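Here's the structure we're looking at; comments come further down.
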Amino acid sequence: MSGSRFEAAFNAVVQAKHNLLAARDLLQNQRQLVTEQISALVRELRYKLASHPFACQREIMRTYGLRFDADGKDETGDAPAGNMALTTQTGARPLGVAA
Numbered sequence: 016m017s018g019s020r021f022e023a024a025f026n027a028v029v030q031a032k033h034n035l036l037a038a039r040d041l042l043q044n045q046r047q048l049v050t051e052q053i054s055a056l057v058r059e060l061r062y063k064l065a066s067h068p069f070a071c072q073r074e075i076m077r078t079y080g081l082r083f084d085a086d087g088k089d090e091t092g093d094a095p096a097g098n099m100a101l102t103t104q105t106g107a108r109p110l111g112v113a114a
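Numbers 16 to 114, taken from our numbering, label the letters of the sequence shown in order.
Structure representation (structure tokens):
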């Protein structure tokens, strides 16, 4: 490989590395933003559910794919398909679901 071809290949590899690092940084920033948005939504939902019994709160949160862990933090998961209109044991419906 001649010197100029080697330099061109080397420069292409360096540019690809910079592109990958930039993509990684963008992905990390987007992940952080999504995590913050989910946390804000969970806080808002908990605030709105504060007047409901704890068992009802837990069931509504799980209906939307949110779970409680032992530390009181939220752990997101997949919401069960077709489960959005389920009633709770107390007869209350999840927020935003028509009767």
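Even for Gly, the Cβ is constructed at its ideal location relative to N, Cα and C. Since the model is a prediction, treat every value here as computed from it, not as a measurement.
When burial is assigned at 16 or more other CB atoms within 10 Å of the CB, is threonine 78 buried or exposed?
Answer is buried; the Cβ neighbour count reaches 16.
CA-to-CA distance, alanine 24 to leucine 48, given in whole angstroms
C-alpha of leucine 48 to C-alpha of alanine 24: approximately 36 Å in a straight line.
Report the residue ranges of all alpha helix (DSSP H) runs contained in full by the stretch 34-86; include only those spanning at least 4 residues, in chain order.
Fully enclosed alpha helix (DSSP H) runs of 4 or longer: 69-78.
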